[in-house]
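Numbering (this note's numbering), first residue to last: 56 to 290.
C-beta: ideal position from N, C-alpha, C; glycine also.
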Amino acid sequence: LVILCVKSYDTRQAILHSKPLIGEDTIVLTLQNGIGNVEIASEILSSDNVIAGSTSLGAILLAPGKIKFTGNGETIIGRIDGKIPVQMRYIREILNKSGLETRISRDIKGLLWSKLIINVGINALTAVTGLTNGRLVEFEGTRKILREAVTEAIRIAKRKRIKLIYDDPLAKVEAVCEATSTNTSSMLQDVMRKKRTEIDFINGVIVRQGQELGIPVPVNSVLTGLVRTIESAYE
């Protein structure tokens with residue numbers, strides 16, 4: 056088992072560097088933000104060997120090689136095609152025995168897109184404004200932008216017939232903002248450190264899908280452009 060936990064823009068390089076560890080029966084599990092990591096891994100490896108996942112385990116990177124664990128959470132894994140091979144049941148068993156609460160989903164795509172929509176509403180907007188998560192819903196202006204960005208993403212998901220796990224995704228995003236009110240999003244942390252962000256794998260995904268499907272996504276287009284501009288202006 057090889058687990059990918061790198062930033063999405065490093066996925067390809069991480070897999071290529073890990074090639075000596077990957078045999079015919081090796082499973083590669085991606086536990087990353089955004090959409091596109093499974094596709095990148097499947098281009099390099101057999102898609103039968105790639106499984107996706109999402110985790111709500113909490114951690115903060117204090118320094119290179121120094122991580123602070125901030126809270127338990129569930130890890131969910133699955134294959135994009137919904138199949139549940141024996142290897143995946145074995146991986147679930149190993150992770151559970153190690154203390155990582157893990158379950159299998161037959162609709163991991165719906166889960167990944169549901170997480171994407173939360174990130175679409177929060178990450179870029181915090182990176183642009185410098186606000187913590189909770190403050191996004193305190194101001195009428197940012198709350199309106201958040202809701203419009205999320206609504207655009209929901210339209211894309213519906214057109215692609217992706218079943219989201221939340222009955223009311225807008226309410227869920229706002230609830231996450233309030234529940235993590237003092238948190239600095241990962242994208243804002245990247246901007247503060249003048250590091251590359253995962254914008255192309257979050258709001259950028261909505262922009263590309265909108266272009267392909269002929270669905271206007273003006274708010275996500277602006278947010279994506281602004282974050283790219285911030286990155287380009289790093290000194």
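By DSSP's assignment, Ile172 forms no beta bridge with any residue. Annotated three-state conformation of Phe194 is coil, per DSSP. Counting C-beta atoms within 10 angstroms of its own C-beta, Gly185 has fewer than 16 neighbours from the protein chains shown and is therefore classed as exposed. Contact annotation: Gly165 and Lys218 have beta-carbon atoms nearer than 7 Å.
Apart from sequence neighbours up to five positions away, the residues of its chain that approach Glu203 with a beta-carbon distance below 7 Å are Val274, ordered along the chain. For Val246, the uninterrupted alpha helix (DSSP H) run begins and ends at Ser241 to Met247, by DSSP.
Rounded to whole angstroms, the Cβ separation of Ile131 and Arg161 is 11 Å, and the two are not in contact under 8 Å. Taking the CA atoms as reference points, Leu117 sits about 31 Å from Ile261.
For the 7 Å CB-CB criterion, Val83 and Val105 form a contact. Counting only runs of at least 4 residues, the segment 122 to 166 fully encloses the following alpha helix (DSSP H) elements, listed from N- to C-terminal order: 141 to 152. Residue Ile173 holds the alpha-carbon nearest to the alpha-carbon of Ala234 among Ile173, Gln87 and Ile115.
Residue pairing by DSSP puts Val57 in a beta bridge opposite Val83.
Listed as beta-bridge partners of Leu116 by DSSP are Ile122. Counting C-beta pairs with one atom in each stretch, the segment 266 to 282 and the segment 175 to 194 have three or more that are closer than 8 Å, which means they touch.
Each residue's CA atom was taken as its position, placing Lys249 and Leu281 some 14 Å apart. As the crow flies, the alpha-carbon of Arg210 is around 21 Å from that of Cys232. Here the C-alpha atom of Asp136 lies approximately 11 Å from the C-alpha atom of Val93. If you draw a 10 Å sphere on the C-beta of Ile257, you find 16 or more other C-beta atoms in it, and that means buried. Annotated as distal: Thr125 and Ile139, with beta-carbon spacing of 7 Å or more.
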